[in-house]
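Read the structure below first, then the notes.
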Amino acid sequence: MLTDTSIELRSAKPSLLMRTIKWLMSKRPDVFPHRAEDLEPFLAGRKLPKDAPMPESFRTKFDAEEWEAAGQKVVTLHRKSGPGIWHMLYFHGGGFVLPMFKEHWPLAQAMVEKLGVSISLPLYEVVPESSHTRQDELADAAFAKIAEGHDPSKIILNGDSAGGHMALSLALRLAKTDGPKPGKLALFAPWLDVTMADPGMQAVEPHDIMLKIGTLRACGQVFAGEGDPASAQFSPLFSPGEDLAALPPTRIWTGCHDLFIVDSRTFTGKLRDAGVDAKLYEYEGAPHVFMAVVPTRESKDCLHLLGEFLAE
């Protein structure tokens, strides 16, 4: 265990399955270009991205609803026995520029089955074909719609990577309104500073098989558009303490071989300083968004802790 009680090392070494899958992942084509200068042609030369379709088996396993918020698609999954006590609004990752991955669907399935939650997954428009404002509009509208029919105190915002950023940004926006507020916030390997400013990331970068500092900086600039990527609007790590103080209880999960571990530690400290009930769980040797590899010990532990968080 780490000395700071707000940060807990859950596994001192990666499981054999995690090491095997991580090795296999390293042999696959890169999700993002590894060189910053390759990002612009990567985005310019692609076809309009499409979300990985929901597996057809989900229509028999769950009560699946397809609806729209801000003119964009949302999928909601309930257990066949009915809606869960908790409703999770989950934003998928992908650097704001990539759509839903096929790996997100098994993660959603595991959370419904193991935690008993209902889960809504916004299939948001991506940049640069769209604007970050469209992503915010969808997040705001989806939460408002869910809160109309579900106790807001039993809504948990969650997301991975850029989706963690979206969940956190939504929570910060809602905290400034007089409307309904979510009861809890969960972040899976959140992207907190799109400028990747902390030099401590350089020591982690050789171990991260997916993410590279320069590419992420370039991607963050694409995301911000004409805005300042170092502002709190685009990099919530820099949110003032008085804004953070209004956040609900928060839990963060990040692998130690993930560039975002550095900012996750900093952000957890800032939350605690602001008086927020916050905790970070770390996993040695685990890669970016390791919880999506649902058969692993690490992913199962993550969901176990998330279940405990919901039960508190």
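Numbering (this note's numbering), first residue to last: 115 to 426. From the three backbone atoms N, C-alpha and C, an ideal C-beta is built for every residue, glycine too. It should be emphasised that the depicted structure is a prediction, and the values quoted were computed from it without experimental measurement.
- Item | DSSP state of residue 116 mapped onto helix, strand, coil | Here residue 116 scores only 38 on pLDDT, less than 50, and its place in the model should not be relied on; the value that follows carries that caveat. Residue 116 falls in the coil class under three-state DSSP.
- Query: Anyone know if the C-beta pair for residue 122 and residue 395 falls short of 8 Å?
  - Reply: yes
- Task: Pull up the DSSP beta-bridge partners for residue 186, would you.
- Result: 183
- Distance, Cα to Cα, residue 255 vs residue 373? 31 Å
- Query: Should residue 338 go down as buried or exposed, given a rule of 16 or more other Cβ atoms within 10 Å for buried?
  - Reply: buried
- Sorted by chain position, which residues of the same chain lie with C-beta nearer than 7 Å to residue 276's C-beta, five sequence neighbours on each side aside? 207, 208, 209, 210, 305
- Message: By the DSSP assignment, the alpha helix (DSSP H) with residue 172 in it spans what residues?
- Response: 172-175
- So what does residue 178 bridge to, in DSSP terms? 191
- residue 119 to residue 322 span [Cα, whole Å]: 26 Å
- Under three-state DSSP, which class holds residue 410? coil
- Same chain, Cβ closer than 8 Å to residue 289, five either side skipped, listed in chain order: 295, 357, 360, 361
- Counting only the same chain and skipping the five closest in sequence on each side, list residues whose C-beta sits under 7 Å from that of residue 280. 205, 249, 253, 273
- Of the listed residues 223, 199, 354, 310, nearest to residue 261 (C-alpha basis): 199
- Message: For residue 244, report the span of its beta strand (DSSP E) as first-last.
- Response: Note, residue 244: premise wrong, no beta strand (DSSP E); not H, not E.
- Starting from the C-beta of residue 345, find all residues in its chain whose C-beta is less than 6 Å away, skip the five residues before and the five after it, and write them out in chain order. none
- Task: Go through its chain and collect everything with a Cβ distance to residue 178's Cβ below 6 Å, but skip five positions before and after it.
- Result: 172, 191
- Query: Would you call the CB atoms of residue 136 and residue 401 closer than 8 Å?
  - Reply: yes
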